[in-house]
Amino acid sequence: MEVHSTHSKQFLRQKEQCLSGVDLSRKGSVDAPILELVNFINSQCDCFTTSSCSGRIIVVDNTDDKGEVQKQGCQWLYVTHEEPCFSTIQASLRSMTGSAVFKFEPMVMHIQVRTLQLAQRLHAAAVASGFRNSGITIGGKGKIIVAVRSTHSLEAPLSCGGELLVTDAYIRHLALCANKKMLENLARIARFFDNFKTLVENPLERDSKKKTNKKDRKQDPALTKLPSESVKTASVDRNMDSGFSSDHSSGKDSGGMEECFDSLLFEET
Numbered sequence: 001m002e003v004h005s006t007h008s009k010q011f012l013r014q015k016e017q018c019l020s021g022v023d024l025s026r027k028g029s030v031d032a033p034i035l036e037l038v039n040f041i042n043s044q045c046d047c048f049t050t051s052s053c054s055g056r057i058i059v060v061d062n063t064d065d066k067g068e069v070q071k072q073g074c075q076w077l078y079v080t081h082e083e084p085c086f087s088t089i090q091a092s093l094r095s096m097t098g099s100a101v102f103k104f105e106p107m108v109m110h111i112q113v114r115t116l117q118l119a120q121r122l123h124a125a126a127v128a129s130g131f132r133n134s135g136i137t138i139g140g141k142g143k144i145i146v147a148v149r150s151t152h153s154l155e156a157p158l159s160c161g162g163e164l165l166v167t168d169a170y171i172r173h174l175a176l177c178a179n180k181k182m183l184e185n186l187a188r189i190a191r192f193f194d195n196f197k198t199l200v201e202n203p204l205e206r207d208s209k210k211k212t213n214k215k216d217r218k219q220d221p222a223l224t225k226l227p228s229e230s231v232k233t234a235s236v237d238r239n240m241d242s243g244f245s246s247d248h249s250s251g252k253d254s255g256g257m258e259e260c261f262d263s264l265l266f267e268e269t
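The sequence shown runs 1 to 269 under full-length UniProt numbering.
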């Protein structure tokens, strides 16, 4: 009981320190498309956001000889969290001197939670919303972080050694593709917000349903004799029927449900 109390006090202290600290992001504030979501998460007793980005379209200029895009040392020529503007992108490339890269990055959000049970349910909500690359990290001191993320991204080189390698028509095409991805990203954010509200509003109902399912399985001897493949399929079906609004879009990021069952990671901090 004392250990639980200590952990609870530590969590509240970490939450207070995080939310009262200085925003160290490049922008210095929460992105408008996820401001309401972030505020709602932080208003809950058992969780808070440690970092977030609503998704962005950027053009970065990297002068590294290896041609690798670096977060540190690269120049941001263009950035938006909304619909891209072709003429502004075109104008930004006039100042590039190295290897410019056009990128779309989907929403990423890290949420610290009080319990592993909440982390698992939050992870299920994220996966159902389309953020299928989400995961759970447990630090050495028991800090539990849920990373809400997806692989719904886009990256294309535009120049090398200061020389533009593509046409204006291609840049315009990239902008259109990125905008489609941004719209899908915003739709997933909206689904996640709805699913998070469902999680908050109906915690006991879902927990009791899981306990009932486990009890029924123990009482029914026929269920214990299912072939291994059938058991695996049934397990996936139960995860999909979690009461959350689901994303049924196609594509690389929409498959790979197996990733979700391997996403419980452990690291020392």
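Beta carbons: idealized from backbone N, C-alpha and C, even for Gly. Because the structure is a prediction, the values reported are computed rather than measured.
Looking at the unbroken beta strand (DSSP E) that takes in residue i, where does it start and where does it end?
| i | result |
| --- | --- |
| ASN62 | 56-62 |
| THR50 | 47-53 |
| LEU77 | 75-80 |
Is there a Cβ of chain B sitting closer than 8 Å to that of residue i, yes or no?
| i | result |
| --- | --- |
| LEU164 | No chain B appears in this structure, which consists of one protein chain only. |
To which residues of the same chain is residue i closer than 6 Å at the C-beta, ignoring the five residues directly before and after it?
| i | result |
| --- | --- |
| PRO157 | VAL101 |
| PHE11 | ARG114 |
| VAL108 | CYS53, ARG149 |
| GLU83 | ASN179 |
| SER51 | HIS110 |
| THR63 | GLY98 |
| GLN75 | ASP61 |
| ASP31 | SER54, HIS81 |
Would you give the residue range spanned by the alpha helix (DSSP H) that residue i belongs to?
| i | result |
| --- | --- |
| THR198 | 168-201 |
| THR151 | It is not in any alpha helix (DSSP H) - THR151 carries neither H nor E in the DSSP assignment. |
| THR88 | 86-92 |
| VAL38 | 35-42 |
Compute the Euclidean distance between the alpha carbons of residue i and residue j, then round it to the nearest angstrom.
| i | j | result |
| --- | --- | --- |
| CYS160 | ARG94 | 13 Å |
| THR88 | LEU116 | 45 Å |
| LEU164 | TYR78 | 16 Å |
| ALA147 | ALA175 | 27 Å |
| PHE244 | PRO33 | 21 Å |
| GLU16 | LEU35 | 18 Å |
| PHE131 | ARG172 | 27 Å |
| CYS18 | ILE58 | 27 Å |
| residue 275 | LEU183 | There is simply no residue 275 to check, as the chain begins at 1 and stops at 269 in what is shown. |
| residue 270 | ILE136 | Nothing can be reported for residue 270: it is not among the residues displayed for the chain, which extend from 1 to 269. |
| HIS152 | GLN14 | 31 Å |
So, for residue i: in the same chain, excluding its five sequence neighbours on each side, which residues have a beta-carbon less than 8 Å away from its beta-carbon?
| i | result |
| --- | --- |
| ALA125 | PHE192, ASN195, PHE196, THR198, LEU199, SER242, PHE244 |
| SER134 | HIS123, ALA126, VAL127, VAL146, ALA147, VAL148, ARG149, SER150, CYS260, SER263 |
| GLY162 | MET96, THR97, GLY98 |
Suppose the cutoff is 7 Å on Cβ atoms and the five residues either side in sequence are ignored; what does the same chain contact list for residue i look like?
| i | result |
| --- | --- |
| LEU154 | LYS103, PHE104, CYS177, ALA178, LYS181 |
| ARG56 | VAL79, THR80, HIS81, GLU105 |
| LEU186 | PRO33 |
Threshold first: 4 residues or longer. Then list the alpha helix (DSSP H) segments lying entirely within the stretch 99-145, N to C. Listed in chain order, they are 116-128.
### Message
Taking 8 Å as the cut-off, does the stretch 137-144 touch the stretch 181-192 (at least 3 CB pairs, one atom from each stretch)?
### Response
no
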